[in-house]
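Residue numbers (the working numbering), protein chains in the order written: chain V, 4 to 129; chain G, 36 to 431.
Where is the CB? At the ideal position from N, CA and C, for every residue including glycine.
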Ligand SMILES: Nc1ncnc2c1ncn2[C@@H]1O[C@H](COP(=O)(O)OP(=O)(O)O)[C@@H](O)[C@H]1O
Ligand SMILES: [Mg+2]
């Protein structure tokens with residue numbers, strides 16, 4: 004069986020999670036989902052999911068995307084990170100700019116261009 | 036613009052004073068005092084309220100003296116004709132001439148917007164000059180306060196839009212992700228079935244997708260407008276951009292509108308967010324269509340001009356619609372200002388256009404008259420970078 008790239012999608016909106024999951028699975032990736040940052044980190048720590056790429060929303064209940072990015076950077080530096088967000092900002096900076104500063108490999112605004120998302124994931128594997 | 040020197044009337048401009056009084060002696064007294072004070076003034080006279088009102092409608096005055104009792108009306112009734120209660124504003128400084136012991140009349144006059152009063156038996160040189168300068172000073176203060184309040188109101192509205200936008204933008208972008216993600220899946224499924232079967236469905240998917248895309252642009256426009264997102268500027272060929280917008284407009288505006296585009300060839304490009312510019316032109320054009328319910332002509336044109344000493348591209352959008360009275364024209368760029376029924380107008384279209392054009396470093400102005408149609412002019416600065424050597428050679 005050929006090795007399939009594994010992706011973990013972290014978003015608190017079920018419909019967003021579902022549609023991303025379906026589209027990326029269709030692109031040939033192995034896809035897991037988590038509903039918030041806390042769940043995502045426990046899945047990775049427990050080894051129930053070993054993603055090469057994590058795609059995370061920013062504003063989520065329990066653990067926020069920005070925290071997920073910081074912790075994954077520290078604990079699993081090999082995982083590639085894509086931050087996605089539908090907008091929002093602190094006084095001085097855009098959330099996506101912040102995500103980039105904190106170590107996200109790529110940031111994409113919502114509404115997501117899924118072709119772009121696929122291209123970004125593939126660029127990590129090349 | 037030439038700056039007015041501080042204090043006193045401009046040398047070249049004479050003070051325009053109007054005296055509305057049926058008593059020729061009083062009129063003479065005021066005229067004499069103004070002239071003997073060596074004030075550079077023209078004194079106009081009216082002996083009835085009606086004549087005074089006619090003059091006031093016709094031209095601007097720097098000060099108006101009104102008798103409290105005129106043959107055809109009370110002085111306060113004349114004030115009421117011009118007094119804007121909501122804004123506590125008069126069209127000019129007003130001084131009421133009252134009779135002896137007329138405290139009630141004075142109070143009444145001040146309530147109806149007069150700025151000062153003189154008792155008729157005391158029309159002396161100093162009393163006339165003091166009343167004149169006091170009335171003018173109060174008038175200026177009220178006007179300044181009014182414009183400060185206007186600005187505050189505008190800022191508060193912008194804040195409201197900002198809060199509203201960031202509140203809904205996030206949820207909206209999630210919904211649009213779901214819609215666009217699902218149309219993408221539908222497209223893939225379509226590719227798997229015989230084209231003959233898919234033919235009926237594919238255009239529907241296109242329609243959903245382009246509507247969702249427009250929704251996304253609208254959210255972005257609102258975000259830029261409320262300063263929560265930066266512009267995505269690029270070097271844009273305005274002629275080509277307008278040609279594209281016009282193809283969209285042909286579908287949007289419907290049959291009754293005759294659409295004309297004239298863009299000059301070979302203009303230097305403009306640094307602008309192309310999607311938002313398109314949105315702006317569509318917003319202005321849709322308003323134009325709404326102003327032409329019986330149909331008409333919409334002319335969009337672009338040409339290079341020099342504006343404020345800088346080369347700009349001027350985009351003008353002219354309609355042959357209803358036009359606007361002044362009290363509407365003054366407020367069209369205000370957020371939430373609309374004359375359309377609830378559910379049809381949001382009053383945000385032109386506010387967004389205005390915010391975007393200003394953020395781009397451009398200008399927007401409007402010419403409109405009730406019954407005459409409307410022309411919007413958008414000035415966009417041409418590429419800011421200093422001219423390259425090659426261009427300098429061309430220019431010389
Ligand atoms: N071309 C036009 N002709 C006449 N009136 C106009 C025109 N464009 C704008 N207006 C006036 O300006 C108002 C504000 O426009 P806009 O900000 O786009 O909000 P809306 O279209 O939702 O009312 C309109 O309600 C209308 O009264
Ligand atoms: Mg509108």
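Legend entry - Residues near residue 293 of chain G in its chain [Cβ-Cβ closer than 8 Å; skip 5 each side]: If you number the second chain from 1, residue 293 of chain G lands on position 258. Excluding sequence neighbours, residue 293 of chain G sits near 330, 331, 332, 333.
Inset, instruction - Determine whether the Cβ of residue 122 of chain G lies closer than 7 Å to any Cβ atom of chain V. - result: The sequence position of residue 122 of chain G within the second chain is 87, counting from 1. No - not a single Cβ of chain V is within 7 Å of the one on residue 122 of chain G.
Inset, instruction - Report the rounded CA-to-CA distance for residue 410 of chain G versus residue 201 of chain G, giving the unit in angstroms. - result: Walking along the second chain from the start, residue 410 of chain G turns up at place 375. Walking along the second chain from the start, residue 201 of chain G turns up at place 166. So the two alpha carbons sit approximately 33 Å from each other.
Inset, instruction - Just the C-alpha distance for residue 85 of chain V and residue 102 of chain V, rounded to the nearest angstrom, thanks. - result: To locate residue 85 of chain V, count along the first chain from 1; it is residue 82. To locate residue 102 of chain V, count along the first chain from 1; it is residue 99. Rounded to the nearest angstrom, the two C-alpha atoms are 9 Å apart.
Legend entry - Closer than 7 Å to chain G by CB, residue 68 of chain V: Mapped onto the first chain, residue 68 of chain V falls at position 65. No, residue 68 of chain V does not count as interfacial toward chain G.
Inset, instruction - For residue 374 of chain G, verify whether its CB is less than 6 Å away from any heavy atom of ligand 1. - result: Residue 374 of chain G sits at position 339 when you count from the first residue of the second chain. Residue 374 of chain G Cβ: within cutoff of ligand 1.
Inset, instruction - Give the straight-line distance between the Cα atoms of residue 119 of chain V and residue 58 of chain V, rounded to the nearest whole angstrom. - result: Counted from its first residue, the first chain places residue 119 of chain V at position 116. Counted from its first residue, the first chain places residue 58 of chain V at position 55. Rounded to whole angstroms, residue 119 of chain V to residue 58 of chain V spans 13 Å at the Cα level.
Legend entry - 7 Å Cβ cutoff, residue 185 of chain V in contact with chain G: Nothing about residue 185 of chain V can be reported from this structure: the residues present for chain V run from 4 to 129 only.
Legend entry - Supposed contact pair residue 35 of chain V and residue 52 of chain V - C-beta distance, whole angstroms, cut 8 Å: Here residue 52 of chain V is taken as the residue at index 49 of the first chain, counted from 1. Here residue 35 of chain V is taken as the residue at index 32 of the first chain, counted from 1. That belief holds up - the Cβ atoms of residue 52 of chain V and residue 35 of chain V are roughly 5 Å apart, short of 8 Å.
Legend entry - Residue-level contact to chain G via CB, residue 65 of chain V, 7 Å cutoff: The residue labelled residue 65 of chain V in the question sits at position 62 within the first chain. No, because no Cβ of chain G sits closer than 7 Å to the Cβ of residue 65 of chain V.
Legend entry - Whole-number beta carbon distance between residue 318 of chain G and residue 384 of chain G, since they are thought to touch under 8 Å: Counting from one through the second chain, the residue named residue 384 of chain G turns up at place 349. Counting from one through the second chain, the residue named residue 318 of chain G turns up at place 283. Going by Cβ atoms, the distance from residue 384 of chain G to residue 318 of chain G rounds to 4 Å, so yes, they are a contact pair.
Inset, instruction - Run down chain G in chain order and give the residues with a C-beta less than 7 Å from the C-beta of residue 117 of chain V. - result: What you label residue 117 of chain V is simply residue 114 of the first chain in a count that begins at 1. Simply 216, 219.
Legend entry - Length of the line joining the Cα atoms of residue 66 of chain V and residue 210 of chain G: By one-based count along the first chain, residue 66 of chain V stands at place 63. By one-based count along the second chain, residue 210 of chain G stands at place 175. Cα to Cα, residue 66 of chain V sits roughly 22 Å from residue 210 of chain G.
Inset, instruction - Please go through the same chain and pick out, in chain order, the residues whose beta-carbon is closer than 8 Å to the beta-carbon of residue 282 of chain G, but skip the five residues on each side of it. - result: Here the question's residue 282 of chain G lines up with position 247 in the second chain. Excluding sequence neighbours, residue 282 of chain G sits near nothing in its chain.
Inset, instruction - Classify residue 264 of chain G as helix, strand or coil using the three-state DSSP reduction. - result: To locate residue 264 of chain G, count along the second chain from 1; it is residue 229. Looking at residue 264 of chain G - three-state DSSP - the assignment turns out to be coil, as it is neither helix nor strand.
Legend entry - Own chain residues within Cβ distance below 8 Å of residue 305 of chain G, not counting five before or after: Within the second chain, residue 305 of chain G is the residue found at index 270, counting from 1. Excluding residues within five positions, the ones whose Cβ falls inside 8 Å are 270, 271, 273, 348, 415, 416, 417, 418.
Inset, instruction - State yes or no: is the C-beta of residue 302 of chain G nearer than 6 Å to some heavy atom of ligand 1? - result: Numbered from its first residue, the second chain carries residue 302 of chain G at position 267. Flag unset: Cβ of residue 302 of chain G not near ligand 1.
Legend entry - Nearest-angstrom Cα separation, counted from residue 364 of chain G out to residue 311 of chain G: On the second chain, position 276 is the one that residue 311 of chain G refers to. On the second chain, position 329 is the one that residue 364 of chain G refers to. So the two alpha carbons sit approximately 23 Å from each other.
Legend entry - Neighbourhood of residue 82 of chain G by C-beta distance below 6 Å, restricted to the same chain and skipping five residues each side: Here residue 82 of chain G refers to the residue found at position 47 of the second chain. Cβ within range, chain order: 57.
Inset, instruction - Whole angstroms is fine: what's the gap from residue 75 of chain G's alpha carbon to residue 188 of chain G's? - result: As a first step, residue 75 of chain G is located in the second chain; it is residue number 40 there, counting from the start. As a first step, residue 188 of chain G is located in the second chain; it is residue number 153 there, counting from the start. Going from the Cα of residue 75 of chain G to the Cα of residue 188 of chain G covers about 39 Å.
Legend entry - Pairwise C-alpha distance: residue 142 of chain G and residue 403 of chain G: Taking the second chain and counting its residues from 1, one reaches residue 403 of chain G at position 368. Taking the second chain and counting its residues from 1, one reaches residue 142 of chain G at position 107. Computed Cα separation, rounded: 40 Å.
Inset, instruction - Starting from the C-beta of residue 19 of chain V, find all residues in its chain whose C-beta is less than 6 Å away, skip the five residues before and the five after it, and write them out in chain order. - result: Here residue 19 of chain V refers to the residue found at position 16 of the first chain. Excluding positions up to five away in sequence, the list is empty.
Inset, instruction - Tell me residue 58 of chain V's beta-bridge partners as DSSP assigns them. - result: Looking up residue 58 of chain V in the first chain gives position 55. V/12, V/85.
Inset, instruction - Taking only heavy atoms of ligand 1 into account, decide whether any of them is closer than 6 Å to the Cβ of residue 352 of chain G. - result: As a first step, residue 352 of chain G must be located in the second chain, where it is residue number 317. Not so, every heavy atom of ligand 1 lies at least 6 Å from the Cβ.
Legend entry - Between the CA atoms of residue 389 of chain G and residue 399 of chain G - distance to the nearest angstrom: As a working note, residue 399 of chain G is residue 364 in the second chain. As a working note, residue 389 of chain G is residue 354 in the second chain. Straight-line Cα distance between these residues: approximately 7 Å.
Inset, instruction - Step through the CB atoms of chain V and report whether any lies within less than 7 Å of the CB of residue 50 of chain G. - result: Here residue 50 of chain G is taken as the residue at index 15 of the second chain, counted from 1. Output row for residue 50 of chain G: interface = no.
Legend entry - Interface flag, residue 90 of chain V vs chain G, CB-CB below 7 Å: Within the first chain, residue 90 of chain V is the residue found at index 87, counting from 1. Yes, residue 90 of chain V lies at the interface with chain G (some Cβ there is under 7 Å from its Cβ).
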